[in-house]
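If you read the sequence shown in the UniProt record's numbering, its first letter stands for residue 1, the second for the next number, and so on. All C-beta atoms, glycine included, are put in the ideal place defined by N, C-alpha and C.
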Amino acid sequence: PDPTPAYLLRASFLARTLPKARAMLVVIDLNGTLLFRPSRNHPTKFVERPHARRFLEYCIATFYVVIWSSARPQNVNNMCRQLLSPDQQQRVVDVWARDRFGLTAADYSTRTQCYKRLTKLWADPVVAASHPDAGAGSGAWNQGNTVLIDDSIEKARSEPFNAITIPEFNGDINEQPTVLPLVHDYLNTLAHQADISTYIRSHPFAVDEEASVLLQHSDSNDELGNAAQNN
């Protein structure tokens, strides 16, 4: 699925910074992004990426969060129960799994390329109703206020300028550089953009090893870096 001409046109405008942070829908992948599952025979056993729980805690407290994984629903729900407290599970907008990709029965049971079309999320009644201005009829989730965090750029093919693509996590708990603190600060930058897609198009996320080291050691009481102190 390629981006539509309308999508590309909107993303082509100049990025503009807002004086105050805006509501933002953050769509987060699980396997390869927040965790690593070593064995397909034990799909709910996983290794957490460094800072994964703190990162989720911050995102859920600050933004509107959807978990979207290509794993099967039972496995996704089990992983979420391990990663999130009961209160956090209640605060997540929704949890989507393999059954939300529109796959054929044959593709559902095999390793096939999945695409996370954000238009499906925006059209979903539960997700749409989570926008803080949805009740007034003046607010909706769209390419201007939504970001997808995933380790696969191909999954974001239909909305490439709404994607934060991060290195795949393979279970190294000593990964260098640490990625999630950098994503944390990038999210805070996006929250001040008039249109997220225009900013990501001109300033795509990149892992900066030096910045990651500085963030990691900047404050021993805040593993996610200085930005958390300012929001």
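Distance, residue j Cα to residue i Cα
{"i": "His203", "j": "Asp29", "result": "21 Å"}
{"i": "Leu34", "j": "Pro50", "result": "8 Å"}
{"i": "Ala71", "j": "Thr198", "result": "31 Å"}
{"i": "residue 232", "j": "Leu56", "result": "This structure leaves residue 232 out entirely; the chain is present only between 1 and 231."}
{"i": "Leu84", "j": "Lys155", "result": "24 Å"}
{"i": "Leu18", "j": "Asn145", "result": "12 Å"}
{"i": "Pro73", "j": "His192", "result": "34 Å"}
{"i": "Asp94", "j": "Asp208", "result": "31 Å"}
{"i": "Arg201", "j": "Thr104", "result": "32 Å"}
{"i": "Gln113", "j": "Ala128", "result": "26 Å"}
{"i": "Leu180", "j": "Thr110", "result": "30 Å"}
{"i": "Ser130", "j": "Lys20", "result": "20 Å"}
{"i": "Tyr186", "j": "Asp99", "result": "30 Å"}
{"i": "Asn221", "j": "Ala106", "result": "Residue confidence for Asn221 is low, a pLDDT of 40 falling below 50, so the modelled location carries little weight; the figure read from the coordinates is stated next. If you take the alpha carbons of Asn221 and Ala106, they lie about 49 Å apart."}
{"i": "Asn41", "j": "Ala136", "result": "48 Å"}
{"i": "Tyr115", "j": "Glu168", "result": "17 Å"}
{"i": "Asn174", "j": "Ile153", "result": "24 Å"}
{"i": "Ala134", "j": "Val92", "result": "17 Å"}
{"i": "Tyr108", "j": "Pro86", "result": "29 Å"}
{"i": "Gln176", "j": "Ala194", "result": "32 Å"}
{"i": "Gln82", "j": "Phe46", "result": "10 Å"}
Option nearest residue i by Cα separation, candidates the options
{"i": "Ala123", "options": "Ala140, Ala105 and Gln88", "result": "Ala140"}
{"i": "Gln90", "options": "Gly135, Ile60 and Ala105", "result": "Ile60"}
{"i": "Pro160", "options": "Phe169, Ala15 and Leu118", "result": "Leu118"}
{"i": "Phe101", "options": "Lys120, Gln88 and Val93", "result": "Lys120"}
{"i": "Gln88", "options": "Ala21, Arg54, Tyr115 and Tyr108", "result": "Arg54"}
{"i": "Asp172", "options": "Leu187, Pro38 and Ala15", "result": "Pro38"}
{"i": "Asn188", "options": "Tyr58, Val126 and Val47", "result": "Tyr58"}
{"i": "Asn170", "options": "Glu48, Gln82, Arg16 and Ile153", "result": "Glu48"}
Beta-carbon proximity list for residue i, same chain, < 7 Å, skipping 5 on both sides
{"i": "Pro132", "result": "Ala23 and Gly139"}
{"i": "Ala97", "result": "Ser69, Ala71, Arg72, Pro73 and Val76"}
{"i": "Cys80", "result": "Ile67, Gln89 and Val95"}
{"i": "Leu190", "result": "Met24, Val147, Ile196 and Tyr199"}
{"i": "Leu8", "result": "none"}
{"i": "Pro3", "result": "Ser158, Glu159 and Pro160"}
{"i": "residue 235", "result": "The displayed coordinates of the chain run from 1 to 231. Any statement about residue 235 would go beyond what the structure contains."}
Paired residues, beta bridge with residue i - DSSP
{"i": "Thr17", "result": "Gln193"}
{"i": "Val27", "result": "Val66 and Leu148"}
{"i": "Glu48", "result": "Leu35"}
{"i": "Trp96", "result": "Trp68"}
{"i": "Ala163", "result": "Leu148"}
Whether residue i touches residue j by CB criterion (8 Å)
{"i": "Pro1", "j": "Ser158", "result": "yes"}
{"i": "Gln143", "j": "Ala11", "result": "yes"}
Own chain residues within Cβ distance below 8 Å of residue i, not counting five before or after
{"i": "Val183", "result": "Phe55, Ile149, Ile164, Ile166 and Phe205"}
{"i": "Glu223", "result": "Note on Glu223: pLDDT 48, under 50, position unreliable in the model; the coordinate value appears next. Once the five neighbours on either side are set aside, the close Cβ partners of Glu223 are His51, Arg54, Pro181 and Gln216."}
{"i": "Asn162", "result": "Leu118, Gln143, Thr146, Val147, Leu148, Ala156, Ile196, Ser197 and Ile200"}
{"i": "Val126", "result": "Val93 and Asp94"}
6 Å CB neighbourhood of residue i in its chain, flanking five on each side removed
{"i": "Asn78", "result": "Thr44"}
{"i": "Val26", "result": "Cys59, Phe63, Val65 and Val147"}
{"i": "Phe13", "result": "Thr198"}
{"i": "Asp151", "result": "Gly32, Thr33, Ile166 and Glu168"}
is_contact[residue i, chain D] using C-beta, thresh 8 Å
{"i": "Arg72", "result": "In summary, chain D is missing from the structure at hand, where a single protein chain is found."}
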